[in-house]
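A.B. asks: Residue numbers (my numbering): 287 to 1047.
Don't be surprised by glycine CBs; every beta carbon is placed ideally from N, CA and C.
If you're wondering where the values come from, they're calculated on a predicted model, not measured in any experiment.
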Amino acid sequence: MTRAEACSSRPAHRGAVRGLLATALIAVLAALLPTATVVAPARAADADRLAVTIDALSPATLSEGDTLTISGRITNPSSKAWSRLRVHLVMPSVPLDDAADLDEALGHPSAEVTGTRHTSGGAVVAAGDLAPGDTTTFQLQVRYAELRVTSEGVYPVGVHVLATGPDGTRSPDAVGRSYTSIPFVGDAAAAAARVSMVWPFIAPVQRDERNRYVDTAGLVQSVSPGGRLRRLLDLARSDDSSPSTVLLDPALLDALRDIAADSYGPNRQGGPGGTALYVPEGEPTPSPDADAPEQADPEAQPETSGARQRVATFLTDLVSYAQRHPVWAVPYGRPDSFAITRRSAGESGATVVEAATTATQATLAQFGITARTVSWPPNGISNASRLAGSRQLGTELAILSPEVLPGWTPDDGTALRAEVGGAPMDVVVVDPGLQAVSSATNPTLALRQRIASRAALGALGDSSRRIVVLPSASFDPGSEWARAQFHDVFDAAWIRPVAADALLGSGSRRWTGRIALPPRTNQRPITEEQVAAAARIVDSGSVVSELLGDDVGRDVFYAQSASLAVSQDWRGARTRGVQHAEAQAASVERVLDRVSVSASSFVTLSGSSGRFPITITNSLSSPVTVGVRFTSDDASARIEDIAPQQISAGQSVTITVSADVGQATTTTFTAALVTSGGSELSEPARFTVRSSVVGRVIWFFFGLAMLLVVIAVVRRVVKGRKVETLHDETEGELEGDAEPDPTVEPASSTEPARSEQETDA
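In structure tokens form, the structure reads like this:
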């Protein structure tokens, strides 16, 4: 070895020694200081093998001296076992101070944002082994000092699960993970953020041809214990003092009342439009205990009577809650406002608009609820022109997606005021950053932490301080909603809960940008054919009401059916939507078809006028009041109309009418049934009346012949009498020859003499 080689090898040798000493020192320090926090990169695996859910997190907002507690579940959905599970806290040392960055971090978590994996102290806990299909729980408790909180802001926080795989290998990559966020404000709040909750009680509602509700079982399940709407109502009622706002569809209230009463159709019990208000069955149930576990199985299908009782209980609780809080209401059944208000909808659209307005107002009044009417288009997609048209339905407020507000950011807030059609309109933006979109976190907890984080940014002056929170229409709090302690979010001194209307109006931020459909959007409304079919429901229903006697409740029922028939839910099934609306219209028209008028198809009159029978048949189970209106194709021909009269249920009445056809020989008449209000119903009866000149001539000659016969008989009688008189006179003369009158000279003495003289000559 050369000197140069020897000299060059010494530093390398010394470096290797130093490396070994450093490694040994780290090992000794780790053994001597077990509570020190050692962090490791939180690298993301290609795909999680285990499902991790954070069910509870406390506190909702960090303060100095707190202990952060995270609880949750780990489920093994695979067919292989995992062993030696360890759960680690993951949290960065630098917070986020921008709402858009926070939304991106929670929507697409990465190691650069979510931070490092804590590997010691209470930030890591063993979770044992997990067999296929099994679930285990975990809980982390980390003191504030261990969290390394450096400044005010919002910290993404989550858990990583490491485990030994089925093949015995243990990767440093997490095999399961879940994230949420937690804010730290301290004393740096510039002002309190005002937050309002709006709870949406909306579900698909449709009637079938028998006037029952489509998917009744689904509605019953949703409002039964363990169902989505029941959970939502329990969550809202868990702090009844909170100034929340209720957003509901009147069609849901109407359907639940019918199901609870097991009474359907135009003649249902307790329907809207009458004088009687809704009377709840019993008292509202007590507000739910947030600490009580959920007992019911949401998939269970209970017996019919029990199901109706559960529906009645939910309806009582919902109506009671709504009567104590501000209410927003979508029009009945969420009609497609653009389809029925656009110019091409014409008279049919105007008819359905009036029906939807009537249905909404009558239903809310029947439940004793006063509400602001709001427009919530599908996915919040609309434009200024369509919103202006929705005002025909009484809309005062629009719920929109940020996609239709070019340039909108979370810093603009969710409570706006925009110019629509030359007049101001309140706008609530459905902020994706305030939605519980994470499947790896209890939905209620995810919503709570999103609200807390956004409010913290507002309080720190980094975002809007006016926050209206509206979960999606399909929001489900989840089976573990009670563990989330949702209303704890309002305990922070820098969050002030208020009613939504307090954040809107002239004091809200003015939106000066456009309200426009986003590029390449597919927002085709329902067809004009569907709108026309819905208008037929209203028109035919009005005739039915006149036929059976005016009934406001019946009119409201058909108005509701028309509004449901044009629901915006049909946009995704336009062909089936038309078929449904036409079937609904046909079911009403069949009622009218059961009252009919009939006559002989061909009637012959002996002259220009005559009489013949007309029959009215009522096949309904109720009496009807109906008349008959006659029209003809000849202005000179006429039949007197039959005035409206009552026809008993299941009865037929035959009435004789007089026809006068004037100079016409053949006339076609139409007999149409009419109500007392003059409306025609069902198909009219058509028949032909014939009256020819030949018939009159025949009668003339027949009369003349009869006259001649009479004359002939009279002459014969008279002639017979004359013959009889002459015969009597002849017989008298013959009897006079036996005793001749001596004063008269016999004529026979002269004649023989003349004869003899003539003979002689």
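Report all residues from its chain with a CB closer than 7 Å to the CB of Ile823; omit the five preceding and five following residues, and keep chain order.
C.D. replies: Tyr844, Ser847, Ala848, Ala851, Gln870, Ala871 and Val874, listed in sequence order.
A.B. asks: Could you give the distance in angstroms between the alpha-carbon of Gly963 and the alpha-carbon of Leu604?
C.D. replies: Each residue's Cα considered, the two are about 41 Å apart.
A.B. asks: Less than 9 Å between the beta carbons of Leu336 and Thr355, yes or no?
C.D. replies: Contact flag unset, no.
A.B. asks: What does a CB cutoff of less than 7 Å around Arg880 pick up in its chain, not counting 5 residues either side in sequence?
C.D. replies: Ser905 and Leu906.
A.B. asks: For the alpha helix (DSSP H) that contains Ala645, what are its first and last residues?
C.D. replies: First-last of the alpha helix (DSSP H) with Ala645: Gly632 to Gln652.
A.B. asks: Near Arg359, which residues of its chain fall below 6 Å by C-beta distance, leaving aside the five closest residues on each side in sequence?
C.D. replies: Result list for Arg359: Thr339, Thr421 and Thr423, in chain order.
A.B. asks: Please name the residue in Val399, Ala431 and Arg370 whose C-alpha comes closest to that of Ala417.
C.D. replies: If we check each option's Cα against that of Ala417, Arg370 comes out closest.
A.B. asks: At the level of alpha carbons, what is the spacing between Pro395 and Pro729?
C.D. replies: One C-alpha to the other measures close to 18 Å.
A.B. asks: In angstroms with no decimal places, state the Cα-to-Cα distance between Thr450 and Val775.
C.D. replies: Taking the straight line joining both Cα atoms gives about 38 Å.
A.B. asks: Let's test the definition: count the other Cβ atoms within 10 Å of the Cβ of Ala732 and tell me whether it reaches 16, buried, or not, exposed.
C.D. replies: Ala732 should be labelled buried.
A.B. asks: Taking just the CA atoms, how far does Val817 sit from Ala859?
C.D. replies: Going by the C-alpha atoms only, they are around 14 Å apart.
A.B. asks: Going along the chain, which residues of its own chain have a beta-carbon closer than 6 Å to the beta-carbon of Thr890, five neighbours each way excluded?
C.D. replies: Once the five neighbours on either side are set aside, the close Cβ partners of Thr890 are Arg976.
A.B. asks: Which runs of the alpha helix (DSSP H), 4 residues or longer, sit entirely within the segment 483-551?
C.D. replies: Runs of the alpha helix (DSSP H) inside the segment 483-551: 502-509, 514-523 and 536-547.
A.B. asks: Three or more C-beta pairs under 8 Å: does that hold for the segment 795-805 against the segment 654-674?
C.D. replies: In short, these stretches touch, since the Cβ pair count reaches three.
A.B. asks: So if DSSP puts Trp368 in a beta bridge, which residue, or which two residues, is it bridged to?
C.D. replies: Answer is Leu416.
A.B. asks: On the three-state DSSP scale, how would you describe Ser1122?
C.D. replies: Residue 1122 lies beyond the range of the chain shown here (287 to 1047); nothing can be said about it.
A.B. asks: What's the gap between the Cα of Tyr499 and the Cα of Gly551?
C.D. replies: About 10 Å.
A.B. asks: Check whether the Cβ atoms of Ala1074 and Thr347 sit closer than 9 Å, and answer yes or no.
C.D. replies: Residue 1074 falls outside the range modelled here, since the chain spans only 287 to 1047, and no answer is possible.
A.B. asks: Return the first residue and the last residue of the beta strand (DSSP E) that Arg658 is part of.
C.D. replies: Looking at the DSSP string, the run of the beta strand (DSSP E) that includes Arg658 is Arg658 to Ser661.
A.B. asks: Could you spell out where the alpha helix (DSSP H) holding Gln816 opens and where it closes?
C.D. replies: Taken as a continuous stretch (DSSP letters only), the alpha helix (DSSP H) holding Gln816 covers Glu814 to Leu834.
A.B. asks: Can you name the start and end residues of the beta strand (DSSP E) that Ala971 belongs to?
C.D. replies: Per DSSP, Ala971 belongs to the beta strand (DSSP E) from Glu966 to Arg976.
A.B. asks: Go to Ile737, then tell me how far its alpha helix (DSSP H) extends in each direction, as first and last residue.
C.D. replies: Ile737 -> alpha helix (DSSP H) spans Pro729 to Ala745.
A.B. asks: According to DSSP, is Val440 helix, strand or coil?
C.D. replies: If DSSP states are grouped into helix, strand and coil, Val440 belongs with the strands.
A.B. asks: Under the three-state reduction of DSSP, which class applies to Gln931: helix, strand or coil?
C.D. replies: It is a strand residue.
A.B. asks: By the three-class DSSP mapping on this structure, what secondary structure does Thr400 have?
C.D. replies: Helix at Thr400.
A.B. asks: Comparing C-alpha positions only, which one of Ala474, Ser379, Ser457 and Phe600 sits nearest to Ala430?
C.D. replies: The sequence shown places Tyr at residue 430, rather than the Ala named in the question. It is Ser379.
A.B. asks: Measuring straight from C-alpha to C-alpha, what distance separates Gly619 and Trp662?
C.D. replies: About 11 Å.
A.B. asks: If you measure between the beta carbons of Trp485 and Leu518, is that distance less than 9 Å?
C.D. replies: For Trp485 and Leu518, yes; Cβs fall inside 9 Å.
A.B. asks: Quick one: residues in its chain with C-beta nearer than 8 Å to the C-beta of Glu682, no 5 flanking neighbours on either side, listed in chain order?
C.D. replies: Excluding residues within five positions, the ones whose Cβ falls inside 8 Å are Arg658, Thr659, Val660, Met711 and Asp712.
A.B. asks: Tell me whether the beta-carbon of Pro529 lies closer than 9 Å to the beta-carbon of Ser482.
C.D. replies: Contact flag set, yes.
A.B. asks: What is the residue span of the alpha helix (DSSP H) that Glu868 lies within?
C.D. replies: Looking at the DSSP string, the run of the alpha helix (DSSP H) that includes Glu868 is Arg860 to Asp879.
A.B. asks: For a test of the three-state rule: what should DSSP assign to Phe761, helix, strand or coil?
C.D. replies: Phe761: coil per DSSP, three-state reduction.
A.B. asks: Can you give me the start and stop residues for the alpha helix (DSSP H) that Asp712 sits inside?
C.D. replies: Segment Ala709 to Val715 is the beta strand (DSSP E) holding Asp712; no alpha helix (DSSP H) there.
A.B. asks: Is DSSP giving Arg924 helix, strand or coil here?
C.D. replies: Here Arg924 sits in strand by DSSP.
A.B. asks: What residues in its chain sit with their C-beta under 6 Å from that of Ser922, if we drop five residues either side in the sequence?
C.D. replies: Correct list, in chain order: Gly948.
A.B. asks: Got a sec? Which residues, its chain only, sit under 6 Å from Gly747 by beta carbon, not counting five neighbours each side?
C.D. replies: Around Gly747: Ala476.
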